[in-house]
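Here is the structure we will look at, set down as structure tokens.
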Amino acid sequence: MKKAVIFDMDGVLVDTEPIGYKASTAMYKSLNITVPDDVYATFIGSSDRNNMQRLKELYNLEHTREQLLDERYKHYYEVFDKADDLELMPGAKALIEDLHSNGMKLILASSATKRKIGKVFTRFGLHHYFDAIISGEDFEYSKPNPAIFLEAVAKSGFTKEECVIIEDSTNGIKAAKAAGVYCIGYKNNGHSTQDTSEADIVITNFASLSYSKIRDII
């Protein structure tokens, strides 16, 4: 019986990808570089810290990783704060409420920074549903490394066999499977370019999930 659900945030709970893409495009322009969409897609699901290091190496940038992070956050939060159309994924809040009301332990394990997580959770009133919030900025290695999910399992107080991970990104799903945890892949058909084929099951609508369905996953 499953007793804990570990959620990713970006692309699972909230559709921040358009914001991230717009902010990244503005940042790349300020750096005078062109990052093709197929390269950008490999950044999804990984932490900003790791992505800025990769950007520095790929384009031989003279900036330090910290300078690139500052540039990234400047553009990201400017776009985020002005976004008036940002919403939770359809059915995500109802699923969270269903799981929480039935005593399922909920953990967030996101590659996002604590500041970004805080902004999303405050905006949509999510804090009281979750038993633990884990940010990728606290880990040296980002997804697809399983470290963040292994920490999430530990914080749940249950075994990995009693946990389920919901992920949308290729990197996140690889991390979930490397951690040895059952993974539900969420495919946002609106604009997803991520490969979800390694997930145990793939859904396109949170209405297809419920407390009883997740609890009884073998």
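Count the sequence shown with the working numbering and you get residues 57 to 274, in order. Ideal Cβ positions, reconstructed from N, Cα and C, are used throughout, including at glycine. Treat the numbers as computed from the prediction; the structure is a model and nothing was measured.
With a cutoff of 7 Å on beta-carbon distance, ILE229 and TYR242 are scored as not near each other. Between SER225 and GLY101 the beta-carbon gap is near 3 Å, inside 8 Å, which marks them as a contact. Taking C-alpha positions only, ILE273 is separated from LYS149 by approximately 21 Å. One alpha carbon belongs to LEU117, the other to ASP187, and they sit about 40 Å apart. Rounded to the nearest whole angstrom, the CA to CA distance from LYS216 to VAL237 is 6 Å.
In the DSSP assignment, VAL258 falls within the unbroken beta strand (DSSP E) covering 257-259.
Less than 7 Å separates the beta-carbon of GLU218 from that of LYS59. Distance from the CA atom of GLY181 to the CA atom of GLY174, rounded to whole angstroms, is 10 Å. Secondary structure in the region 162-202: the beta strand (DSSP E) runs of 3 residues or longer, each lying completely within the stretch, are 188-191 in chain order. Distance check between VAL61 and each of LEU206, ASN227, PHE136 places LEU206 closest, using alpha-carbon atoms only.
Taking all protein chains in view, the Cβ of GLU196 is surrounded by fewer than 16 other Cβ atoms within 10 Å, so the residue is classified as exposed. Beyond the five residues adjoining it in sequence on each side, ALA208 comes within less than 6 Å, by CB distance, of ILE62, ILE163, ALA165, ILE190 in the same chain, given in chain order.
Counting only residues of its own chain and dropping the five nearest sequence neighbours on each side, THR72 has a CB closer than 6 Å to the CB of ASP66. Looking at the backbone, the Cα of ARG110 and that of TYR132 are separated by about 18 Å.
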